[in-house]
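What follows is a short report on a single structure.
Chains as they are written, first to last, in the numbering used here: chain A, 1 to 127; chain B, 1001 to 1159.
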């Protein structure tokens, strides 16, 4: 009986730890490439099982373009996608499901090369 | 095992059988007697009884030997358990990322890392901004869906 319980437990652990990380293109934006950039604020924050990463850009259209290009590569995987162009701002939003959890990706940009980009979801979605 | 002479008389053979039944033979002698009885041509009540007793004890020993031998499925279960435990352990170590960020908050402002206190303030403000963003997007979607529904209703009514 003990042996059977041990086998079942090992199988469950093995299955659990084989959950796949999402490997999103937008995640590569947080590889440290912008850490020393003066027009960027980068936040990485874990709290209560939630994992948040954000980039705030001021007057840097090149970085905004890199973010837009990364988002475009992840759009095919999105279960929900919207892109809304207002008078002054554009809102791009994606939802991607991974490991049974939803990852929210958003980009709010203005006409002057500024923007606010984030990736947010439960930690389990990124494991 | 000492060499055994098969040339026993009937009396000698029966005497040996009697000693066997009285448990006066050593194990080695019992084995030798069994060998003799297998090939001897004599037949008597005593010899038959002894042969039967030896057959019984042999089947008992065989049953014990079989009981000691574990069935195949037990070995399969043991092997499966070992392999599963090894795989599980390997999988756990594979998933442990030793480069993981241990801090729960890291913020870089204008190229410099912020202190913990400032980092938490900025990160929490960003989370509020994120929630506002999601709310705005939700409202945009609701507005667009309402417009589409209104448009479709208008088309249907004008038909």
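Just so it is clear, CB atoms sit at the ideal spot from N, CA and C, and this is done for glycine as well.
Everything numeric in this text was worked out from a predicted model, so none of it was measured.
Through-space distance from residue j to residue i, alpha-carbon basis
i: residue 1129 (chain B); j: residue 82 (chain A); result: 18 Å
i: residue 993 (chain B); j: residue 1143 (chain B); result: Here chain B has residues from 1001 to 1159 only, and residue 993 (chain B) is not among them.
i: residue 1139 (chain B); j: residue 34 (chain A); result: 32 Å
i: residue 950 (chain B); j: residue 1083 (chain B); result: The requested residue 950 (chain B) does not occur in the structure, where chain B is confined to residues 1001 to 1159.
i: residue 1098 (chain B); j: residue 126 (chain A); result: The pLDDT assigned to residue 1098 (chain B) is 44, lower than 50, so where the model puts this residue is not dependable; a value taken from the coordinates is nonetheless given after this. Those two C-alpha atoms are separated by around 16 Å.
i: residue 56 (chain A); j: residue 1090 (chain B); result: 39 Å
i: residue 1119 (chain B); j: residue 1 (chain A); result: 51 Å
i: residue 1159 (chain B); j: residue 87 (chain A); result: 34 Å
i: residue 1101 (chain B); j: residue 1146 (chain B); result: Confidence is the limiting factor: at residue 1101 (chain B) the pLDDT is only 48, short of 50, which leaves the residue's position unreliable and the question unanswerable from this model.
i: residue 1017 (chain B); j: residue 1050 (chain B); result: 6 Å
i: residue 36 (chain A); j: residue 1125 (chain B); result: 21 Å
i: residue 103 (chain A); j: residue 1081 (chain B); result: 36 Å
i: residue 1079 (chain B); j: residue 1031 (chain B); result: 38 Å
i: residue 1114 (chain B); j: residue 1108 (chain B); result: 6 Å
i: residue 1004 (chain B); j: residue 1027 (chain B); result: Since pLDDT at residue 1004 (chain B) reaches only 47, below the 50 mark, its modelled position is unreliable, and the value read off the structure follows with that caveat. Each residue's alpha carbon lies about 14 Å from the other.
i: residue 89 (chain A); j: residue 1117 (chain B); result: 31 Å
i: residue 994 (chain B); j: residue 4 (chain A); result: No statement about residue 994 (chain B) is possible, as the shown extent of chain B runs from 1001 to 1159 and does not include it.
i: residue 107 (chain A); j: residue 80 (chain A); result: 14 Å
i: residue 1014 (chain B); j: residue 1007 (chain B); result: 13 Å
i: residue 1150 (chain B); j: residue 1157 (chain B); result: 10 Å
i: residue 47 (chain A); j: residue 1127 (chain B); result: 11 Å
i: residue 1112 (chain B); j: residue 54 (chain A); result: 16 Å
i: residue 1041 (chain B); j: residue 1035 (chain B); result: 12 Å
i: residue 97 (chain A); j: residue 68 (chain A); result: 20 Å
i: residue 78 (chain A); j: residue 84 (chain A); result: 16 Å
i: residue 38 (chain A); j: residue 73 (chain A); result: 26 Å
i: residue 1134 (chain B); j: residue 1110 (chain B); result: 26 Å
i: residue 1131 (chain B); j: residue 24 (chain A); result: 21 Å
Where residue i falls, given that 16 or more other Cβ within 10 Å makes a residue buried
i: residue 1123 (chain B); result: buried
i: residue 105 (chain A); result: buried
i: residue 1024 (chain B); result: exposed
i: residue 1152 (chain B); result: exposed
i: residue 43 (chain A); result: buried
i: residue 1053 (chain B); result: exposed
i: residue 22 (chain A); result: buried
i: residue 1086 (chain B); result: exposed
i: residue 1106 (chain B); result: buried
i: residue 31 (chain A); result: exposed
Extent of the continuous beta strand (DSSP E) run through residue i
i: residue 118 (chain A); result: 115-122
i: residue 94 (chain A); result: 89-98
i: residue 1034 (chain B); result: Where residue 1034 (chain B) is concerned, there is no enclosing beta strand (DSSP E), although the alpha helix (DSSP H) it sits in stretches over 1027-1039.
i: residue 107 (chain A); result: 101-110
i: residue 47 (chain A); result: 40-47
i: residue 54 (chain A); result: 50-57
i: residue 82 (chain A); result: 80-85
i: residue 1109 (chain B); result: 1105-1109
Range of the contiguous alpha helix (DSSP H) that encloses residue i
i: residue 1131 (chain B); result: 1116-1158
i: residue 31 (chain A); result: Careful: residue 31 (chain A) lies outside any alpha helix (DSSP H) and carries neither H nor E.
i: residue 1024 (chain B); result: Neither: residue 1024 (chain B) is in no alpha helix (DSSP H) and is coded neither H nor E.
i: residue 68 (chain A); result: 61-74
Contact under 8 Å by Cβ, residue i with residue j
i: residue 1136 (chain B); j: residue 91 (chain A); result: yes
i: residue 119 (chain A); j: residue 40 (chain A); result: no
i: residue 121 (chain A); j: residue 101 (chain A); result: yes
i: residue 109 (chain A); j: residue 64 (chain A); result: yes
i: residue 1033 (chain B); j: residue 1020 (chain B); result: yes
i: residue 1104 (chain B); j: residue 45 (chain A); result: yes
i: residue 124 (chain A); j: residue 99 (chain A); result: yes
i: residue 70 (chain A); j: residue 9 (chain A); result: no
Tell me whether the segment 58-67 of chain A and the segment 93-104 of chain A touch, counting them as touching only if at least three CB pairs, one residue from each stretch, are closer than 8 Å.
Too few Cβ pairs lie closer than 8 Å, so no.
Specify whether the segment 1072-1088 of chain B and the segment 1043-1055 of chain B touch according to this definition: at least 3 beta carbon pairs, one from each stretch, less than 8 Å apart.
No, the segment 1072-1088 of chain B is not in contact with the segment 1043-1055 of chain B.
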